[in-house]
Amino acid sequence: MREHRFGSSNPRADIPRMLELHRSGKLKLEELRTNTYVLDDVNAGYDDMRNGRNLRGVISFA
């Protein structure tokens, strides 16, 4: 039985395609981000997620 970890996607084909769409401006990932947190604020990000204030948070390691 084949295991489906990625749903119906094919990561080897789909990830490079999504990267190309992003680079060409056709996939605007920044618009999907709700909030950005620095690593020190990771707990605030989890709290926001649990309380419905954050749908797509990003943790910045820079």
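Residues in the sequence shown are numbered consecutively from 17, following the numbering used here.
Here a beta-carbon is modelled for each residue, glycine too, at the ideal position from N, C-alpha and C.
Going by C-alpha positions, residue 76 is about 19 Å away from residue 66. Under the three-state reduction of DSSP output, residue 61 falls in the helix class.
The beta strand (DSSP E) runs of length 3 or more contained entirely in the region 27-54 are, from start to end of the chain, 51-54.
In the DSSP secondary-structure assignment, residue 76 is bridged to 54.
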